[in-house]
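Asks: Convert by adding 7 to the 1-based position in the sequence shown; the result is the number in our numbering.
Glycine included, every Cβ here is placed at the ideal spot set by N, Cα and C.
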Amino acid sequence: MADHDALIVSFCDVTGASPQQAAEYLSATQWDMDNACTAYFTDLEEGQQGGSNAAGEPASEPEYTGPRTLDGRPAPQYQGASSSSSSKKPQKRTGLATLSSLGGGSGGHSHDDDDDDDDDDDEDERRGPRDLFAGGEKSGLAVQDPAQRSNDPKRLINDILAKARANAKKSETDPSPAPGASRFFRGGGQVLGGDGVESRRVEDPSPAPIPTAANEPTEERVLHIWVDGFSIDDGPLRRFDDPQNQADLQMIRQGRAPLHLMNVRPDQRVDVKLAQHNENFRQLPKIYRPFGGEGRRLGSPVPGVGSTQTPAPAQVSTQTASTASAPAVSVDDSQPTLSLRIQLPDGTRLPARFNTTHTVGDVYDFISRSSLSTTQRPWVLSTTFPNKDHTDKELVLGDMAEFKRGGTAVVKWA
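#1: Mapping DSSP to helix, strand and coil, what is HIS118?
#2: Once DSSP output is grouped into helix, strand and coil, what is the label at ARG270?
#3: Mind checking SER213: buried by the 16 CB within 10 Å criterion, or exposed?
#4: Compare the C-alpha of GLU401 against each of ASP39, ALA175, ASP255 and HIS365 and name the closest.
#5: If you count every other CB in all the chains shown that lies within 10 Å of the CB of GLU210, and 16 or more means buried, which is it?
#6: Give the single residue among ARG193, ILE232 and PHE392 whose Cα lies nearest to the Cα of HIS284.
#7: Just the Cα atoms here: how many angstroms apart are LEU148 and SER25?
#8: Considering only residues of the same chain and omitting the five flanking positions on each side of GLU226, which have a CB-CB separation below 6 Å?
#9: What are the partner residues of ILE470, as DSSP defines its beta bridges?
#10: Quick one: grab the DSSP three-state call for ARG172.
#11: Sorted by chain position, which residues of the same chain lie with C-beta nearer than 7 Å to PHE288's C-beta, five sequence neighbours on each side aside?
#12: Confirm the yes/no value for this check: CB of LEU148, any heavy atom of the ligand FMN, distance under 8 Å.
#13: So what does DSSP say about HIS365, is it helix, strand or coil?
#14: What is the DSSP secondary structure of ALA359, reduced to helix, strand or coil?
#15: Would DSSP call ASN42 helix, strand or coil?
#16: List the whole-angstrom C-beta distance separating LYS419 from SER389, where the pair is believed to meet the contact cut-off of C-beta under 8 Å.
#17: Tell me which same chain residues have a C-beta within less than 8 Å of the C-beta of GLY368, skipping the five on either side of it?
#18: Mapping DSSP to helix, strand and coil, what is GLN257?
#19: Please classify ILE294 as buried or exposed, where buried requires at least 16 neighbouring CB atoms within 10 angstroms.
#20: Tell whether a beta-carbon distance below 9 Å holds between TRP386 and PRO352.
#21: Less than 8 Å between C-beta atoms, sequence neighbours within five positions excluded: which residues of the same chain meet that for ASN60?
#22: What separation, rounded to the nearest whole angstrom, lies between the Cα atoms of ALA173 and MET258?
#23: Taking a contact to mean a Cβ-Cβ separation below 9 Å, would you say THR415 touches GLN350 in this structure?
#24: Quick one: what does DSSP say VAL209 is sitting in, helix, strand or coil?
#25: Pull up the CB-CB distance for GLY194 and ARG208, whole angstroms please, since I reckon it's below 8 Å.
#26: For a quick check, are the C-beta atoms of LEU404 and PHE373 less than 9 Å apart?
#27: Run through DSSP, which three-state label would ILE349 get?
#28: Report the partner residues of ARG245 according to the DSSP bridge assignment.
#29: Only counting the same chain, and skipping five residues up and downstream in sequence, which positions put a Cβ closer than 7 Å to that of TYR371?
#30: May I have the straight-line CA-CA distance separating PRO292 from LEU268, to the nearest angstrom?
Written out as C-alpha cells, the structure is:
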C-alpha cells in the first residue's frame, strides 16, 4: 500500500488530478504510472462528458460473460483481466494502418498527428517487408515495398551484418573450442621375440581416420562491404547489381561459403570477418602470400620431359641394379686421373674416374653400360656451365676445358 500511495501522490503532482481520480486511473492500468497518465490526458483531449463524473464515482463495468466458479462468482483470473481490459483506454493510432496493426484490436486510425509518421516508418522497417493491401469485398491488391524485397542487395547486406553481430555476441558468451589433433599415441607396435620366438609386428587396431576438409584448419576471409559492391580480401570489386553476385550474397547469408570466392574446399570451415566501408570501392594492398606454383631445376634434362614422364618403379629398380653392377672404367693409377659426376635423366648420379687420356667416347660407353634407359632412346652428353653438348667422341678429356680438371656432366634426351 505504501507503493500505491506514492504512485497516487506522483500522479497528482504530474496531472493535477484529485487523489480519488489518481487511484481510479492507476488501478485501471494495473498501477502503471505511464499508462495511467496517458489515459488521463487522452480523456482530457477528447473532452468526454463522463470524464468529470469519473472523479466522483467508479466507472461501471460491463456485464461479465466469462467463466464462473461453482457458486456463481466470476473466476478470479478472468475477473481481473476483464476489469483491466474494460477500464484501459485505447490509444490513438496514427500513420498508415496495415494488417499487422489492425490485428492488434483497434480498427480506427487517424492522420491528425503527422509528427508521428517518422516513428511509424521506423517501426515498419524493423518489422521487415512491408505489405500494403487495398480492395473491396470481392477484390483485392497486395503491393510489396520494392526496397524490402528479399533479394535486394542492401537488405542482404543488412541481414549479413545482423547475423555477424549475433554470432559475435554468441562467440563471446559461449566460445566453442577449436578442433585440434589428438595428442594420444596411436599406431602399430613391435613385439620382441625370445628363445625360439620370432619378433612380430602388431598393427594398429583402429587406423587413423581419413583426413577430410572438415578436419582441416579453419580458413579466414575478410568480406569488405563497399557502397557500390563487395570484395573478398584484396580481390576485385563485385557489384551488387550483378545477379551472380546476389546469389553469392544469398549463400553467405545462409552460412555457406561460395567456393569460387573463398577459395576453399567443400565442407571446409571458413571464418568470414566483415569490414564495412562508407565509400566506393578502392583497390586494397595485395596480401603477401608464399610462392605457389611450379619451378624448374637448373641443369635438368630437357625441361618438361623428365617432370611429365615418371619412370615406373620396376624400371627404377632395374636401373639402380644395373648402376650398382656397372663395370668399372679401366684406370691407370700411375697416370693423371680426373673425376666426373654424371647425372642421368631420372636423377641418378654416377661417380666415375677416368685418365686424362680417355676420350668422350669412353664416357659414352661407360654411361651406356651403367644405365639401361640410355639404350632405349638417343641421348647426348652435355655440361651446364657452360651449357654445351659434347657429340665429338674423339676428343680427349685432358684436352677439354670442361673435363680436364673433372666436373659434372648431364645426360639429356636427344
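Replies: Put simply:
#1: Residue confidence is low: HIS118 scores 46 on pLDDT, short of 50, so the model does not pin down where it sits. Its coordinate-derived value is still stated next. HIS118 falls in the coil class under three-state DSSP.
#2: For the record, residue 270 in the displayed sequence is Asn; it is not Arg. In the displayed model, ASN270 falls within coil according to three-state DSSP, outside both helix and strand.
#3: With fewer than 16 neighbouring CB atoms inside 10 Å of its own CB, SER213 falls in the exposed class.
#4: Measuring from the Cα of GLU401, the nearest candidate turns out to be HIS365.
#5: With fewer than 16 other Cβ atoms within 10 Å, it is exposed.
#6: Nearest to HIS284 by alpha-carbon distance, out of ARG193, ILE232 and PHE392, is ILE232.
#7: The alpha-carbon of LEU148 is positioned some 51 Å away from that of SER25.
#8: Spatial neighbours of GLU226 in its own chain (CB-CB distance under 6 Å, excluding positions within 5 residues in sequence) are listed in chain order as VAL271 and VAL277.
#9: Residue coverage of the chain in this structure runs from 8 to 421, which leaves residue 470 outside it and unanswerable.
#10: Of the three classes helix, strand and coil, the one that applies to ARG172 here is helix, per DSSP.
#11: For PHE288, where only same-chain residues beyond five positions count, the Cβ hits under 7 Å are TRP233, ASP235, GLY236, SER238 and LEU244.
#12: This structure does not include the ligand FMN; it has no bound ligands of any sort.
#13: Here HIS365 carries a coil assignment [DSSP, helix/strand/coil].
#14: It is a strand residue.
#15: Collapsing the DSSP output to three states places ASN42 in a helix.
#16: SER389 and LYS419 do touch by the CB rule: their CB atoms are close to 5 Å apart, below 8 Å.
#17: Counting only Cβ-Cβ distances below 8 Å, and skipping sequence neighbours, we find LYS400 and GLU401.
#18: Looking at GLN257 - three-state DSSP - the assignment turns out to be helix.
#19: ILE294 sits exposed, since fewer than 16 C-beta atoms from the chains shown fall within 10 Å of its C-beta.
#20: With a cutoff of 9 Å on beta-carbon distance, TRP386 and PRO352 are scored as near each other.
#21: With a pLDDT of 47 at ASN60, under the threshold of 50, the predicted position of this residue should be treated as unreliable, though the coordinate-derived value follows. Around ASN60: no qualifying Cβ.
#22: If I take the Cα positions, the gap works out to 18 Å.
#23: A contact, by the Cβ cut-off of 9 Å.
#24: Here VAL209 carries a strand assignment [DSSP, helix/strand/coil].
#25: Wrong, their Cβ atoms sit about 11 Å apart, outside the cutoff.
#26: 9 Å or more divides the Cβ of LEU404 from the Cβ of PHE373.
#27: In the structure shown, ILE349 falls within a strand segment according to DSSP collapsed to helix, strand and coil.
#28: Per DSSP, the beta-bridge partners of ARG245 are PHE237.
#29: LEU388 and LYS400.
#30: Between PRO292 and LEU268, the C-alpha separation is close to 18 Å.
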